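Following: one structure in structure tokens, then a few remarks.
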Amino acid sequence: MLYSMDAADSNVYVSILTTCFNMKALADGKRVHLHLIKTGFEVDTSVGNKLVIMYGKCGSFEDARQVFDKMSKRDSVTWSAMIGVYSQNGLGDDALRLYREMMSCGVKPNQFTFGSVVSACAKMEALEEGKQVQGFVVKSGFESNAVVGSVLVDMYAKCGYIEDARKVFDNMPDRTVVASTAMVSGYARNERVEEASELFWRMPERNVVSWNAMIAGYAQTGHNEEAVELFSRMRCSGNSPNQTTFSTVLSACGNLAALEKGKHAHGLIIKTVFKLGVFVGNALTTMYAKCGSIEDARQLFDRVTERNVVTWNAVISGYAQHGEGNETIYLFEQMQKAGMKPNHVTFLCVLSACSHAGLVAEGRHYFYSMCQDHGIIPRAEHYACVVDLLGRSGYLDEAEGFIEKMPLEPNAGLWKALLAACRTHANSDIGQRAAEKVFELGEQPPSTYVILSNIYAEAGRWNDVAKVRTMMKDRGVKKAPGLSWIEIKNQVHSFVIGDRSHPQTEEIYAMVEKLTRLMKEAGYVPNSNFVLHDVD
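If you're matching positions, the sequence shown starts at 2 in the numbering used here and goes up one per residue.
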């Protein structure tokens, strides 16, 4: 028997369920659901819709679908809610299937339905399905809707069709911050940073998402200095950075090895009273490790109470990059004792550490353990680490045989790793075969020619050196100039060989000459093993 109900009673339950999904209080939401079943309010369409949304927001989409299937009356909001649950939880195929079922039932979609379906297509990079949905968008008169237009821009951009994204954007009569942000993000994602920057600064209004899109665009395309600079301008504009902002900026600082700027960002995180969650904690650990401050990275790691596999990988990778093989292995073992499953990145860090530390036996053990004990199929980069491990230790024949016997088709990176080892151990025969394999794969990296030429030079094979130089000239291959940088007083200075554009060029070169003179006086003798010409 159903209890009588009125709009006020229904609204109370809707309000309670809204509170539950805002707080992501799944257990409380389930208790409310049980009470609804007992009182008969579950059949109310508005309450049922909120139940679907509550379960979806709490990540329990199976419960959401059960509520959806039991509802005797469904409106456009009901269908949109369930489609949105699938889309938000990365179940794009289910979202599309339910959308088609909705259309076959004759239910008219609204702006939120189209928004969720197009968003699902964007996440899957399902361009053709997205185009079909856009056709219904036009027929339904939602072409100029700001919400739908924004997700269409995002969908085309994510699928790599940036011109189509711009067409949708230009045809929108009301270009909201969301739409503009989607377009900026699309340009940046497609490495069209200048266009992204131009559009960003023309936006009449910017929110934290807009700033994050542009900062991420710079960082993801290697414009790390610009990303850090834009972060400063964001703060000056009065927009408060969030955890996404800090994570991106810390990544840029790590890539620049700009320790002081990274520490400054860390201080701001503390001042804003952010809870040091996994996301930002991982970015901080990685930043300190990349900047060479492994002690700070370890201290931060030890203080973080909530750790996931990325957290462990960040500190393990840091020790691996610093050549601390034994400490890397120790942390790897501690990770497993803590019940955390290693992934392919973890093993890549461990194998790299073994390679740099010369731990050949341990490297062999962990490579085969990855397959046999953890069920992780090695990728090309894992094989490259093993080749590097064997090559660095002088096991060149074993390394060559390892490449030839591997189940994957060897890529140029594997042969280049072997070639580098041949330079170290002056093995011109295997080095020549490795270089030929690189060329056979259609790659023409200048480093391959240079290393091969160096190997020949050390062996005194000057005719072969001349042949390599002729090949480089004929094929238009040029050696990239050396680049280095240093951070002084919170400013990064970059130097390219032969570059005299720095404002303190005269002082710098005077100091280089002074240091060279002092080195010679101290008995320094240049290493001429890799001289490319037959000279004394």
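A virtual CB, placed ideally from N, CA and C, is assigned to each residue, including glycine. Remember, it's a predicted structure, so these values are computed and weren't measured experimentally.
Taking DSSP as the reference, what is the three-state secondary structure of Q445?
coil
Can you tell me which of the three DSSP states Q505 falls into?
coil
Exposed or buried, what is N12 when buried is set at 16 or more other beta-carbons lying within 10 Å of its beta-carbon?
exposed
Please list, in chain order, all residues of the same chain as T222 whose beta carbon is under 8 Å from its beta carbon, the five residues on each side excluded.
A189, E192, V194
Is the CB-CB distance between F170 and V154 below 9 Å?
Pairing F170 with V154 gives a Cβ-Cβ distance under 9 Å.
If you draw a straight line from the C-alpha of I270 to the C-alpha of P411, how long is it?
44 Å
Could you check the C-alpha separation between E441 and S454 for me, to the nearest Å?
18 Å
Could you tell me the boundaries of the beta strand (DSSP E) in which S485 lies?
484-489
Would you call G218 buried or exposed, if buried means 16 or more other Cβ atoms sit within 10 Å of its Cβ?
buried
So for H34, helix, strand or coil by DSSP?
helix
Tell me whether the beta-carbon of G359 lies closer than 9 Å to the beta-carbon of G326.
yes
Grouping DSSP H, G and I as helix and E and B as strand, with all else coil, what is F496?
strand
Applying the criterion that 16 or more other CB atoms from any shown protein chain within 10 Å of the CB defines a buried residue, is A362 buried or exposed?
exposed
Label A436 either buried or exposed according to how many other C-beta atoms from any shown protein chain fall within 10 Å of its C-beta, with 16 as the threshold for buried.
buried
Three or more beta-carbon pairs under 8 Å between the stretch 206-217 and the stretch 174-187, yes or no?
In short, these stretches touch, since the Cβ pair count reaches three.
Have a look at Q492 and L260 and give me their C-alpha separation to the nearest angstrom.
Taking C-alpha positions only, Q492 is separated from L260 by approximately 10 Å.
Quick one: grab the DSSP three-state call for Y369.
Judged by DSSP in its simplified three-state form, Y369 adopts helix.
Which same chain residues, not among the five before or five after I17, have their C-beta less than 6 Å away from its C-beta?
V33
Can you tell which of V310, N256, S353, K272 has its C-alpha closest to the C-alpha of E488?
N256
Using 10 angstroms around the beta-carbon of V305, count the other beta-carbons present and answer buried if the total reaches 16, otherwise exposed.
Residue environment: V305 is assigned as buried (16 or more neighbouring CB atoms within 10 Å of its CB, all protein chains considered).
From L27 to E399, what distance separates their C-alpha atoms?
56 Å
Taking the alpha carbon of D297 as the reference point, which residue from L35, A284, M204 has its own alpha carbon closest?
A284
Check whether F368 and C386 have beta carbons under 9 Å apart
yes
Tell me, to the nearest whole angstrom, how far the beta carbon of M288 is from that of G263; I am working on the premise that it is less than 8 Å.
Taking C-beta atoms under 8 Å as the contact rule, M288 and G263 qualify, at a distance of about 5 Å.
With distances taken Cα to Cα, identify the nearest neighbour of G91 among K521, K71, E126, F113.
That would be E126, whose Cα lies nearest to the Cα of G91.
Enumerate in chain order the residues of its own chain whose CB-to-CB distance from I54 is below 7 Å, with the five nearest sequence positions on each side excluded.
F22, A82
Just to confirm, are V68 and Y87 a CB contact at a threshold of 9 Å?
no
Provide the residue span of the alpha helix (DSSP H) that contains V311, from first to last.
310-322
Considering Cα atoms alone, identify which of E164, F201, M371 is closest to T544.
The structure shown does not extend to residue 544, since the chain is modelled only from 2 to 537, so the question has no answer here.
Helix, strand or coil at P345 according to DSSP, with G and I counted as helix:
Residue identity differs from the one stated: residue 345 is His in this sequence, not Pro. Three-state result, H345: helix.
In whole angstroms, what is the alpha-carbon distance linking V179 and S238?
19 Å
From the DSSP output, in three-state form, read off T177 for me.
coil
Span of the alpha helix (DSSP H), counted from its first residue to its last, around N464:
From DSSP, the alpha helix (DSSP H) with N464 extends over 463-475.
When you compare only the Cα positions, how much space is there between L99 and T114?
Taking the straight line joining both Cα atoms gives about 11 Å.
When you compare the stretch 241-255 with the stretch 506-514, are there three or more beta-carbon pairs, one atom per stretch, that lie closer than 8 Å?
no
Beta-carbon proximity of F137 to Q112, cut-off 9 Å:
no
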